[in-house]
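**Q** Count the first sequence with the numbering used here and you get residues 1 to 682, in order. Note that CB positions come from ideal geometry on N, CA and C, so glycine has one too. None of the values given here were measured: they were computed from a predicted structure.
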Amino acid sequence: MCFGLANDAVTAELEAIGALEGLSKKEVKAKTGGLVRERIPALAQRVADAIAGHGFARVEAVNGYINISFDANRMAARLIGEVLERGDAYGRVAPVAETVMVEHSQPNTHKAFHVGHLRNSCLGVSLTHILRAAGYQVQDANYIGDIGMHVIKCLWCYERFHRGEEPIEPAARGRWLGEIYAESDARLNFRKDVLDFLHLLATEDPTFVAAIDKMLKFLWRKNTEGEDIAYLLGRIAAAQPIKDELLREQDVIVKFWPIIGDQLRDQIANPKPIAPVDGAPEPTTTPEERLATWERLAEHIDDWWPHVPAWREEVRETFQRWEAQEPGFVQLWETTREWSLADFRRIFDELGARFDVWFFESEVEAEGREIVQELLERGIAEVSEGLPVVKIDEKLGLETPTYRTLPILRSDGTTLYSTKDLALTRRKFERFGVDRAIWVVDVRQSLYFQQIFKVLELWGFTQAAQSFHLPYEMVRLPEGVISSRKGNVPIYDDIRDAVVARAREIIEEKNPDLAPEVKETVAWQVAIGSLKYAMLARDNNKVVTFDLEEALSFEGHAAPYIQYAHARACRILENAGVIPADLEAAAASLDFGTPAPEELSLLQAISALPDEIREAADDYRPLVIANYVFDLAKRFNDFYHACPVLQSPEPVRTARLALTAATRQTLANGLALLGIAAPAAM
RNA sequence: GCGCCCGUAGCUCAGUGGAUAGAGCGCUUGCCUCCGGAGCAAGAGGCCACAGGUUCGAGUCCUGUCGGGCGUACCA
Numbered sequence: 001m002c003f004g005l006a007n008d009a010v011t012a013e014l015e016a017i018g019a020l021e022g023l024s025k026k027e028v029k030a031k032t033g034g035l036v037r038e039r040i041p042a043l044a045q046r047v048a049d050a051i052a053g054h055g056f057a058r059v060e061a062v063n064g065y066i067n068i069s070f071d072a073n074r075m076a077a078r079l080i081g082e083v084l085e086r087g088d089a090y091g092r093v094a095p096v097a098e099t100v101m102v103e104h105s106q107p108n109t110h111k112a113f114h115v116g117h118l119r120n121s122c123l124g125v126s127l128t129h130i131l132r133a134a135g136y137q138v139q140d141a142n143y144i145g146d147i148g149m150h151v152i153k154c155l156w157c158y159e160r161f162h163r164g165e166e167p168i169e170p171a172a173r174g175r176w177l178g179e180i181y182a183e184s185d186a187r188l189n190f191r192k193d194v195l196d197f198l199h200l201l202a203t204e205d206p207t208f209v210a211a212i213d214k215m216l217k218f219l220w221r222k223n224t225e226g227e228d229i230a231y232l233l234g235r236i237a238a239a240q241p242i243k244d245e246l247l248r249e250q251d252v253i254v255k256f257w258p259i260i261g262d263q264l265r266d267q268i269a270n271p272k273p274i275a276p277v278d279g280a281p282e283p284t285t286t287p288e289e290r291l292a293t294w295e296r297l298a299e300h301i302d303d304w305w306p307h308v309p310a311w312r313e314e315v316r317e318t319f320q321r322w323e324a325q326e327p328g329f330v331q332l333w334e335t336t337r338e339w340s341l342a343d344f345r346r347i348f349d350e351l352g353a354r355f356d357v358w359f360f361e362s363e364v365e366a367e368g369r370e371i372v373q374e375l376l377e378r379g380i381a382e383v384s385e386g387l388p389v390v391k392i393d394e395k396l397g398l399e400t401p402t403y404r405t406l407p408i409l410r411s412d413g414t415t416l417y418s419t420k421d422l423a424l425t426r427r428k429f430e431r432f433g434v435d436r437a438i439w440v441v442d443v444r445q446s447l448y449f450q451q452i453f454k455v456l457e458l459w460g461f462t463q464a465a466q467s468f469h470l471p472y473e474m475v476r477l478p479e480g481v482i483s484s485r486k487g488n489v490p491i492y493d494d495i496r497d498a499v500v501a502r503a504r505e506i507i508e509e510k511n512p513d514l515a516p517e518v519k520e521t522v523a524w525q526v527a528i529g530s531l532k533y534a535m536l537a538r539d540n541n542k543v544v545t546f547d548l549e550e551a552l553s554f555e556g557h558a559a560p561y562i563q564y565a566h567a568r569a570c571r572i573l574e575n576a577g578v579i580p581a582d583l584e585a586a587a588a589s590l591d592f593g594t595p596a597p598e599e600l601s602l603l604q605a606i607s608a609l610p611d612e613i614r615e616a617a618d619d620y621r622p623l624v625i626a627n628y629v630f631d632l633a634k635r636f637n638d639f640y641h642a643c644p645v646l647q648s649p650e651p652v653r654t655a656r657l658a659l660t661a662a663t664r665q666t667l668a669n670g671l672a673l674l675g676i677a678a679p680a681a682m
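1. Within a Cβ cutoff of 6 Å, which residues of the same chain sit near P692, ignoring the five residues on either side of it in sequence?
2. Which residues in the same chain have their Cβ closer than 7 Å to the Cβ of W524, if we skip the five residues on either side of it in sequence?
3. Taking DSSP as the reference, what is the three-state secondary structure of M535?
4. What's the call for H641, buried or exposed, on a 16-neighbour Cβ count within 10 Å?
5. Could you compute how far the alpha carbon of R39 sits from the alpha carbon of L14?
6. Tell me, which residues are paired with T99 by DSSP?
7. Less than 8 Å between C-beta atoms, sequence neighbours within five positions excluded: which residues of the same chain meet that for G81?
8. For W439, which of helix, strand or coil comes out of DSSP?
9. Which residue wins for smallest C-alpha separation from I68, given the options L79, V83 and A50?
10. Can you name the start and end residues of the beta strand (DSSP E) that Y472 belongs to?
11. Rank R427, I236 and A237 by C-alpha distance to the C-alpha of E103 and give the top, closest one.
12. Quick one: give me the first and last residue of the alpha helix (DSSP H) that R187 is part of.
13. Can you list, in chain order, the residues of its chain whose CB lies under 7 Å from that of T414, leaving out five sequence neighbours each side?
14. Just curious, the alpha helix (DSSP H) that Y158 is in, first and last residue?
15. So is V543 buried or exposed if we call it buried at 16+ other beta carbons inside 10 Å?
16. By how many angstroms is the C-alpha of L375 removed from the C-alpha of A186?
17. Go through its chain and collect everything with a Cβ distance to V209's Cβ below 8 Å, but skip five positions before and after it.
18. Which first and last residues belong to the alpha helix (DSSP H) in which R685 is found?
19. Can you give the Cα-Cα distance for A608 and Y65, rounded to whole angstroms?
20. Please classify I506: does DSSP put it in a helix, a strand, or coil?
21. Using beta-carbon positions only, say whether R635 and A605 come within less than 7 Å of one another.
22. Does the count of Cβ pairs from the segment 402-409 and the segment 302-319 closer than 8 Å reach three?
23. Give me the Cβ distance between L477 and S126, rounded to the nearest whole Å; I'm assuming they're in contact under 8 Å.
24. Between which residues of its own chain and V624 is the CB-CB distance below 8 Å, once the five residues before and five after are set aside?
25. Exposed or buried, W358, counting other C-beta atoms within 10 Å across all chains shown (16 or more means buried)?
26. Roughly how many whole angstroms lie between the Cα atoms of F56 and R86?
27. Using the rule of at least 16 other Cβ atoms within 10 Å of the residue's Cβ for burial, across every protein chain shown, is A12 buried or exposed?
28. Would a C-beta distance cut-off of 7 Å place P622 and L536 closer than the cut-off?
29. In whole angstroms, what separates the C-alpha of K420 from that of G368?
30. Measure the alpha-carbon distance for I380 versus I371 and round it to whole angstroms.
31. Does the beta-carbon of M474 have 16 or more other beta-carbons within 10 angstroms, so that it is buried, or is it exposed?
32. With F329 and R337 assumed to form a contact (beta carbons below 8 Å), what rounded beta-carbon distance in angstroms separates them?
33. May I ask you to list the residues that DSSP assigns as paired with N142?
34. Mind reading off the beta-carbon distance from L458 to A498? Whole number of angstroms is fine, and I expect it under 8 Å.
35. Going by DSSP in three states, A52 sits in which element: helix, strand or coil?
36. Any contact of the segment 160-180 with the segment 119-136, i.e. 3+ C-beta pairs under 8 Å?
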């Protein structure tokens with residue numbers, strides 16, 4: 001404030017004596033800048049002198065800032081009294097008459113629940129807690145992907161290759177299905193994987209291109225499939241993508257495959273220095289990695305390559321069996337769906353996610369189709385290239401591609417994600433009476449949601465304006481992106497097993513005297529808390545790099561640090577033999593004497609919780625709370641290292657005990673907002 | 001092409017337009033006779049990608065450039 005005042009004063013004075021006349025803006029700035037800087041400290045001092053004594057304990061001017069101190073004992077008594085009196089409710093903001101639905105944790109049945117889903121669930125759960133604390137009426141909604149192409153692919157693969165098989169472990173049936181799904185994906189994309197690999201070789205391996213060029217020419221002369229060889233030759237030499245539908249003989253690639261392997265092995269056995277080519281991009285793979293990929297594909301090339309087109313047709317037919325609601329197929333769907341749902345219920349229970357509403361994709365298919373029909377009838381949607389779409393930019397009269405085109409039904413009449421989302425959104429507002437709907441979905445779906453909201457708007461659905469997509473970035477691994485093709489997807493169950501096991505070890509080492517049941521409970525609380533904190537202590541628009549080693553360390557900036565501070569506070573209170581009620585009664589007349597800086601700093605942090613909740617809710621950012629609660633724990637650490645509690649003489653002892661109790665409560669409330677448990681001992 | 005996001009310490013990340021830009025990990029050195037060492041104290045480590053602009057004041061706001069990621073009609 002003093003900076004602004006000084007600037008105004010200096011400018012006014014100079015203007016008054018005409019010193020600024022005819023000068024450019026820049027020149028004025030150069031002239032006033034120094035004067036303003038000189039003026040500030042004196043001005044700040046004057047302001048400080050003027051307000052000193054008006055009920056403030058101390059007022060001082062420092063570096064152009066005015067620092068105001070309040071009577072610490074009075075403020076502390078009031079704050080601690082409020083915290084102890086309100087307990088779990090401390091930090092909560094007055095209720096708001098607005099119902100918000102948060103949709104998150106949209107796992108797909110027949111697929112594995114992995115580390116990516118974990119980020120979504122942690123974010124969603126924390127967000128619902130934060131919004132509730134900020135006074136909103138919150139509906140916590142799950143939306144299970146229990147139908148769609150992935151389900152059909154999985155069931156096709158199950159019937160075709162695993163009929164009659166049952167997962168060995170009943171607790172992991174969903175996971176077993178996920179493996180079947182992964183297999184179906186590998187089978188159906190096999191040709192694409194092979195051709196992408198050839199394209200990769202052609203793009204970043206000049207030695208390979210030269211060698212293959214020679215060999216293909218040799219084959220060309222003596223082979224009957226001359227046209228195919230010529231095609232491959234041309235594409236590889238020019239590093240162009242290869243299309244299998246342009247091959248005359250379907251098995252030419254299969255015949256060609258061993259030659260590629262020989263060449264890759266030869267390159268590794270006799271490495272040649274590669275002369276860098278100007279303008280050519282750096283290779284992204286090593287020769288060893290390329291050979292490994294070749295070997296992985298070689299395992300199935302004879303069996304799989306010829307069948308891919310027929311398999312894809314079978315998948316299409318399988319989808320039609322769903323469409324026709326063929327009883328046997330529906331029965332299979334129901335059984336396998338339940339395997340996945342059982343897994344999900346267990347996982348959400350472990351994560352402390354309790355939903356008010358469970359939506360399923362399968363229950364909005366019919367309603368979605370009706371909406372598509374209506375959109376077509378009203379001319380908002382049209383049939384283009386054989387399928388119903390909404391050409392949004394055209395409808396809005398936009399020149400530059402912005403919202404583009406949204407397909408709303410497949411050409412064979414089966415439903416898309418968009419078909420179902422149109423129906424579900426209407427349901428949320430009309431049947432559930434929400435005022436605002438939030439979708440917690442990863443950032444790659446941003447355009448998709450803008451499209452959905454625009455289509456609803458074009459349809460005349462005014463609540464589209466109250467629909468918000470909350471995007472968050474992806475989870476990666478230290479070694480790169482998560483990819484089911486590369487087979488490096490960390491499954492939730494595996495991560496949890498590793499983290500819980502580590503937590504057990506550490507408890508055994510640090511606190512062997514705890515009762516066995518307590519040890520087990522605490523191991524879970526610390527393990528799950530640690531995982532959650534890793535997911536939440538990163539802003540929504542930042543990629544999370546999930547490092548299992550880091551998640552296992554339990555040291556430093558992590559949940560256990562905060563939980564530990566909470567446990568220490570509990571122990572101090574326990575050793576003192578006081579109960580919160582006693583301290584609450586004493587709160588009105590607390591006397592810290594002359595409070596230590598660590599005590600003031602801690603009091604300040606405790607008082608900040610309501611503001612932090614508001615900020616986190618306004619911006620949908622659990623990170624705000626994650627940072628806050630860590631900072632609070634750190635200040636508590638500073639406090640108990642600097643200020644002995646139990647050995648202090650009265651009345652300071654009681655004051656410090658009350659402060660410890662208030663900190664404990666605030667730590668617990670902050671952790672609760674993140675969905676993290678606060679153990680009393682660990 | 002068009003659009004969105006990211007770029008801060010060796011690494012992973014914080015940082016309402018305001019004071020000398022902060023944590024954690026890793027590295028160096030200390031601290032358990034003292035409320036629990038999952039902790040604490042100290043040290044080294046920064047042209048806040050780059051260039052302009054707005055402002056009394058920019059890591060923060062605006063424009064552009066470079067680098068990286070993602071999306072862009074029948075996956076979800």
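**A** This is what the structure holds:
1. Nothing can be reported for residue 692: it is not among the residues displayed for the chain, which extend from 1 to 682.
2. When the five nearest sequence neighbours on each side are left out, the beta carbons in the same chain lying within less than 7 Å of the beta carbon of W524 are those of V500, in order along the chain.
3. In this structure, M535 counts as helix in the three-state DSSP scheme.
4. Exposed is the call here.
5. Per the coordinates, the alpha-carbon of R39 lies some 13 Å from the alpha-carbon of L14.
6. In the DSSP secondary-structure assignment, T99 is bridged to Q137.
7. Once the five neighbours on either side are set aside, the close Cβ partners of G81 are E584, A587 and A588.
8. DSSP places W439 in the strand class (E or B) of the three-state scheme.
9. Selected option, being the one with the closest Cα: A50.
10. That run of the beta strand (DSSP E) goes S467 to Y472.
11. Of all alpha-carbon atoms in R427, I236 and A237, the one lying nearest the alpha-carbon of E103 is that of R427.
12. Taken as a continuous stretch (DSSP letters only), the alpha helix (DSSP H) holding R187 covers R173 to L188.
13. Excluding positions up to five away in sequence, the list reads F319 and E323.
14. Going by DSSP, Y158 is part of the alpha helix (DSSP H) stretching over M149 to F161.
15. Classified as exposed, V543 has fewer than 16 neighbouring CB atoms from the shown chains inside 10 Å of its CB.
16. Going by the C-alpha atoms only, they are around 37 Å apart.
17. Contacts found: L201, A202, I236, A237 and A239.
18. Outside the shown range of the chain (1 to 682) lies residue 685, about which nothing can therefore be said.
19. Between A608 and Y65, the C-alpha separation is close to 21 Å.
20. It is helical.
21. For the 7 Å CB-CB criterion, R635 and A605 form a contact.
22. Flag = no, the segment 402-409 and the segment 302-319 do not touch.
23. So it is not a contact: roughly 23 Å between Cβ atoms.
24. Cβ neighbours of V624 beyond the five flanking positions: E612, E615 and A616.
25. Exposed: under 16 other Cβ atoms inside 10 Å.
26. The straight-line gap from Cα to Cα measures roughly 27 Å.
27. Taking all protein chains in view, the Cβ of A12 is surrounded by fewer than 16 other Cβ atoms within 10 Å, so the residue is classified as exposed.
28. Less than 7 Å divides the Cβ of P622 from the Cβ of L536.
29. One alpha carbon belongs to K420, the other to G368, and they sit about 5 Å apart.
30. One C-alpha to the other measures close to 11 Å.
31. With fewer than 16 other Cβ atoms within 10 Å, it is exposed.
32. In fact, because the Cβ distance is near 12 Å, the residues do not count as touching under 8 Å.
33. BP columns for N142 point to H104 and W358.
34. No, L458 and A498 are not in contact; Cβ-Cβ is about 49 Å, not under 8 Å.
35. The answer is coil: DSSP assigns A52 none of H, G, I, E or B.
36. Taking 8 Å as the limit for Cβ pairs, the verdict is that the segment 119-136 does not touch the segment 160-180.
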